[in-house]
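Chemist:
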Amino acid sequence: MNRSTTTCVGIHIRRGDFLLVRRASSDQYILNAMNHFVSKYHLVRFIIATDDKSYCRKLFNKRNDVIFTPNSFSAAHDLTVLTLCDHLIITVGTFGWWGAFLNNKTGEILTDSKADFSPIDVNCARDAYFPYWFSFLNHTI
1 MNRSTTTCVG IHIRRGDFLL VRRASSDQYI LNAMNHFVSK YHLVRFIIAT DDKSYCRKLF
61 NKRNDVIFTP NSFSAAHDLT VLTLCDHLII TVGTFGWWGA FLNNKTGEIL TDSKADFSPI
121 DVNCARDAYF PYWFSFLNHT I
């Protein structure tokens, strides 16, 4: 991947326990967010860090613009990858939030965290999200 001509978008997809106890992000949210970047930039590569590589490989199996972090990577490695991307798509949970917080790029951060802070998001204060983070929930760009 030539970093001088490629826009790198990190995606953190949390599934696992969120499938049962919280709201996991929808596939459509992730696909819409990806389309946002594809329509905006000439050459985009998505790097996916996830706790469910099997599911995500099936979801993105026909895309040639997706790269997965290696199975041998620890959570710390995955987090490091997210901090190095030009832009981020994050799903619910603190892992993606930390990837965005530690990323020092000035790119877009797309999140589907609820703006209304429903009971499942009671631990998410409005101040926890920076002004340039865009809530992609219920939006199609």
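Numbered according to UniProt numbering, the sequence shown spans residues 1 to 141.
We put the CB at the ideal spot given by N, CA and C, even for glycine.
#1: Give the single residue among THR91, CYS85, THR6 and PHE73 whose Cα lies nearest to the Cα of LYS105.
#2: Taking DSSP as the reference, what is the three-state secondary structure of VAL44?
#3: Taking the alpha carbon of ILE90 as the reference point, which residue from ARG45, PHE37, ILE109 and LEU43 has its own alpha carbon closest?
#4: Could you tell me if THR94 is buried or exposed, where buried requires 16 or more neighbouring beta carbons within 10 angstroms of its beta carbon?
#5: Please tell me whether ILE48 and PHE68 are closer than 8 angstroms, where the distance is taken between their beta carbons.
#6: Return the CA-CA distance between TYR37 and TRP97, expressed in angstroms with no decimal places.
#7: Under the rule that 16 or more other beta-carbon atoms within 10 Å means buried, what is SER39, buried or exposed?
#8: Which full runs of the beta strand (DSSP E) of 3+ residues lie inside the region 52–127, going along the chain?
#9: Where do the N-terminal and C-terminal ends of the beta strand (DSSP E) with GLY10 fall, by residue?
#10: Quick one: using the 10 Å Cβ neighbour count with 16 as the cut-off for buried, is ASN64 buried or exposed?
#11: Quick check: the Cα distance between LEU31 and ARG23, rounded to an integer number of angstroms?
#12: Given GLY99, which residues of its chain have a CB within under 7 angstroms of its CB, disregarding the five upstream and five downstream residues?
#13: For ALA24, which of helix, strand or coil comes out of DSSP?
Modeler: Answer, in terms of the structure:
#1: CYS85
#2: strand
#3: Nearest C-alpha to ILE90 among ARG45, PHE37, ILE109 and LEU43: ILE109.
#4: Label assigned to THR94: exposed.
#5: Going by C-beta atoms, ILE48 is nearer than 8 angstroms to PHE68.
#6: It is Phe, not Tyr, that sits at residue 37 in the sequence shown. TRP97 has its alpha-carbon roughly 19 angstroms from the corresponding atom of PHE37.
#7: Residue burial annotation: SER39 is exposed, with fewer than 16 other C-beta atoms found within 10 angstroms of its C-beta.
#8: 66–68, 87–90 and 109–111
#9: 7–13
#10: exposed
#11: 17 angstroms
#12: GLY10, HIS12, LEU79, LEU82, THR83, LEU88 and ILE90
#13: coil
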